[in-house]
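So the structure is just underneath, and the comments pick up after that.
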Amino acid sequence: MTSQPACRTCQRCAFCLLADDAWNSLERHAPLRTVRPAVVLFRQGEQPAGVHLICGGRLKQWCLDEQGRWFLWRYIEVGEVLGAITLMRGKPYPTTVETAETCLIRYLGKELFFRILQDHREIERQLLLQTGARLYDTVELLRGFALSRSALGRLALLLYRLWAERQGSWASGEPVRIDLSREELAERIGVESVETVSRLLGKLAEAGLIARERGVTIILEPERLKLVE
Numbered sequence: 004m005t006s007q008p009a010c011r012t013c014q015r016c017a018f019c020l021l022a023d024d025a026w027n028s029l030e031r032h033a034p035l036r037t038v039r040p041a042v043v044l045f046r047q048g049e050q051p052a053g054v055h056l057i058c059g060g061r062l063k064q065w066c067l068d069e070q071g072r073w074f075l076w077r078y079i080e081v082g083e084v085l086g087a088i089t090l091m092r093g094k095p096y097p098t099t100v101e102t103a104e105t106c107l108i109r110y111l112g113k114e115l116f117f118r119i120l121q122d123h124r125e126i127e128r129q130l131l132l133q134t135g136a137r138l139y140d141t142v143e144l145l146r147g148f149a150l151s152r153s154a155l156g157r158l159a160l161l162l163y164r165l166w167a168e169r170q171g172s173w174a175s176g177e178p179v180r181i182d183l184s185r186e187e188l189a190e191r192i193g194v195e196s197v198e199t200v201s202r203l204l205g206k207l208a209e210a211g212l213i214a215r216e217r218g219v220t221i222i223l224e225p226e227r228l229k230l231v232e
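When you number the sequence shown by this note's numbering, it's gap-free, plus one each residue, and the end is 232.
Given below as structure tokens:
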């Protein structure tokens, strides 16, 4: 089922800040479209021709290394503007992005995007803030993976980061529950086998850091997860 668009109410999207007349023009030139799951928006190495506004749904961002292995970099949520910095720099896309579920997306071609930036300078500031937040998350992720010498350490770090992202939506004192599948966890930490993920989750459960319940991971000791190497 397609989620409802966040347009005009999303606090994360720079374009939701446009005045009504500018927004109406945007809707005429970049209508909302529904995109089914597993559709690739752009591929690593392609030259950008515009930007994508994510108004509903969730997407996956992949990286391909020199040995031909795919790594799930992150999930992309509602409110993000994809490809803006790449387009402004005139560089190829450094990653591949595909829909993880049915999404609602607006596409702005290069000319329209730069015309809006020229007429509405406040959008540049919002894009800069969004890019800065992603850069901070990327540095944290790279630092964690560089310091984690094992798949167990990478999994523990991922679970800690997911806990940190979601704890605000849970009642105080209630353990955070992570509903990612073993397949998704394997993609996020760069291992090929779901059996390996099961074994690693078992080790963390034996140490009392997490609990498993019907495929859901319950975070019990988040601060100790950070220390797993």
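Ideal Cβ positions, reconstructed from N, Cα and C, are used throughout, including at glycine.
These numbers come from a predicted model, not from an experiment.
Looking at the secondary structure, which residues open and close the alpha helix (DSSP H) in which residue i lies?
i    : result
A154 : A154 to R169
A189 : R185 to I192
T12  : Note, T12: premise wrong, no alpha helix (DSSP H); not H, not E.
R36  : That residue, R36, is in no alpha helix (DSSP H); its beta strand (DSSP E) goes R36 to V38.
L20  : From DSSP, L20 is part of no alpha helix (DSSP H); its letter is neither H nor E.
L90  : A87 to R92
State buried or exposed for residue i, treating a residue as buried only when at least 16 other CB atoms are found within 10 Å of its CB.
i    : result
R157 : buried
L132 : exposed
A159 : buried
L188 : buried
G86  : buried
E83  : buried
G60  : buried
P225 : buried
V43  : exposed
T99  : buried
P97  : exposed
V163 : The question names Val, but residue 163 in the sequence shown is Tyr. Counting Cβ neighbours within 10 Å, Y163 comes out buried, since at least 16 surround it.
L56  : buried
In this structure, what does DSSP give as the bridge partners for residue i?
i    : result
L75  : W65
R45  : Arg is not the amino acid found at residue 45; the sequence shown has Phe there. Beta-bridge pairing links F45 to V100.
V81  : For V81, which the question treats as bridged, DSSP gives no partner whatsoever.
L223 : L223 pairs with nothing; no bridge assigned.
I181 : T220
W111 : Here residue 111 is Leu; the residue named in the question, Trp, does not match the sequence. Its beta-bridge partners are V54.
Name the two residues that bound the continuous beta strand (DSSP E) containing residue i.
i    : result
H55  : G53 to G59
T105 : Here T105 belongs to no beta strand (DSSP E), and DSSP marks it neither H nor E.
A208 : It is not in any beta strand (DSSP E) - A208 instead sits in the alpha helix (DSSP H) that spans V197 to E209.
R124 : No beta strand (DSSP E) contains R124, which DSSP labels as neither H nor E.
E216 : I213 to E216
Whose C-beta lies closer than 7 Å to the C-beta of residue i among residues of the same chain, with five residues either side of it excluded?
i    : result
C58  : P8, A9, C10, L35, V81, L107, I108 and R109
A33  : R109, Y110, L111 and L115
A174 : Because the pLDDT at A174 is just 47, under 50, the model does not fix this residue reliably, and the point stays unresolved.
For residue i, collect the residues of the same chain with a Cβ closer than 6 Å to its Cβ; drop the 5 residues on either side in sequence, then sort them by chain order.
i    : result
V38  : T102, C106 and I108
C16  : G82
L165 : I181
To which residues of the same chain is residue i closer than 8 Å at the C-beta, ignoring the five residues directly before and after it?
i   : result
G53 : G86, L90, Y110, L111, G112, K113, L115 and F116
* To do: Indicate whether the contact test is met: 3 or more Cβ pairs, each with one atom in the segment 113-126 and one in the segment 22-29, closer than 8 Å.
  => yes
* Are at least three pairs of beta-carbons, each pair with one atom in the segment 64-75 and one in the segment 12-20, less than 8 Å apart? -> no
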